[in-house]
Amino acid sequence: DTAVSQTPKYLVTQMGNDKSIKCEQNLGHDTMYWYKQDSKKFLKIMFSYNNKELIINETVPNRFSPKSPDKAHLNLHINSLELGDSAVYFCASSQDIGGGKNTGELFFGEGSRLTVL
Amino acid sequence: AQRVTQPEKLLSVFKGAPVELKCNYSYSGSPELFWYVQYSRQRLQLLLRHISRESIKGFTADLNKGETSFHLKKPFAQEEDSAMYYCALSPTGTASKLTFGTGTRLQVTL
């Protein structure tokens, strides 16, 4: 009965490779997010999708491309991986309560630790 | 632009001692403030939000607009409180624009 699930949990890869992280939520939420947590535990939003539409795209290199095939899924594809991409990537979701607002509560996945060698 | 500052990376207290995790913010409007917590091997989850004025697991937080602070307090720390705590701000009360602080690790020792 996992609410927000991400795969894989751990990913070790070489510089220059392309990799994807998948995220699925079974909460029926309308909005999904990708956050990046760096080595200093700083948590920063990367993208936000509402009903498959991109609504937030922070200053992220275009090597990062999110894809939302439906509102329950938000995948993150990263091209040409660099050392600085090593981090823990968190997927999250939230529920709309109408009028473009939501409760302010994010439901997070367990995180995917990406290590680029 | 909004900013959230948590000045302490690590806060170590003894069991039974009072706890205060500091959070300051900068935002020109009326924000909503939240505390999120990540226990060891668990997901990051919402602990409390200022608008609810609730006490969760003995923790409370009061929004002080004059000092632009939202410190998290607990009168008597327990071992199970050891975790990473993040303060977060939303300018519109929506999770879509949550800005997190850098987090404070709380360590409760015997």
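Protein chains in written order, with the working numbering: chain A, 1314 to 1430; chain B, 3 to 112. In this text, a Cβ means the ideal position worked out from N, Cα and C, and glycines have one as well.
Go ahead and pull the three-state DSSP assignment for residue i.
{"i": "residue 30 of chain B", "result": "coil"}
{"i": "residue 1322 of chain A", "result": "coil"}
{"i": "residue 1423 of chain A", "result": "coil"}
{"i": "residue 73 of chain B", "result": "coil"}
{"i": "residue 1386 of chain A", "result": "strand"}
{"i": "residue 82 of chain B", "result": "helix"}
Assuming residue i and residue j are in contact, meaning their beta carbons sit under 8 Å apart, how far apart are those beta carbons, in whole angstroms?
{"i": "residue 1395 of chain A", "j": "residue 1373 of chain A", "result": "Contact doesn't hold; Cβ gap of about 13 Å is too wide."}
{"i": "residue 25 of chain B", "j": "residue 72 of chain B", "result": "5 Å"}
{"i": "residue 10 of chain B", "j": "residue 111 of chain B", "result": "That belief does not hold up - the Cβ atoms of residue 10 of chain B and residue 111 of chain B are roughly 16 Å apart, past 8 Å."}
Report yes or no: is there a C-beta of chain A within less than 8 Å of the C-beta of residue i?
{"i": "residue 36 of chain B", "result": "yes"}
{"i": "residue 4 of chain B", "result": "no"}
{"i": "residue 45 of chain B", "result": "yes"}
{"i": "residue 102 of chain B", "result": "yes"}
{"i": "residue 105 of chain B", "result": "yes"}
Could you tell me the alpha carbon to alpha carbon distance between residue i and residue j, rounded to whole angstroms?
{"i": "residue 1348 of chain A", "j": "residue 1321 of chain A", "result": "15 Å"}
{"i": "residue 1358 of chain A", "j": "residue 69 of chain B", "result": "26 Å"}
{"i": "residue 104 of chain B", "j": "residue 87 of chain B", "result": "9 Å"}
{"i": "residue 13 of chain B", "j": "residue 66 of chain B", "result": "22 Å"}
{"i": "residue 1401 of chain A", "j": "residue 99 of chain B", "result": "20 Å"}
At the 8 Å Cβ level, is residue i part of the contact set with chain B, yes or no?
{"i": "residue 1403 of chain A", "result": "yes"}
{"i": "residue 1341 of chain A", "result": "no"}
{"i": "residue 1365 of chain A", "result": "no"}
{"i": "residue 1337 of chain A", "result": "no"}
Quiz prompt | Inter-stretch contact at 8 Å, needing at least 3 Cβ pairs: the segment 40-58 of chain B / the segment 1419-1427 of chain A | solution = Counting Cβ pairs under 8 Å, three or more are found: they touch.
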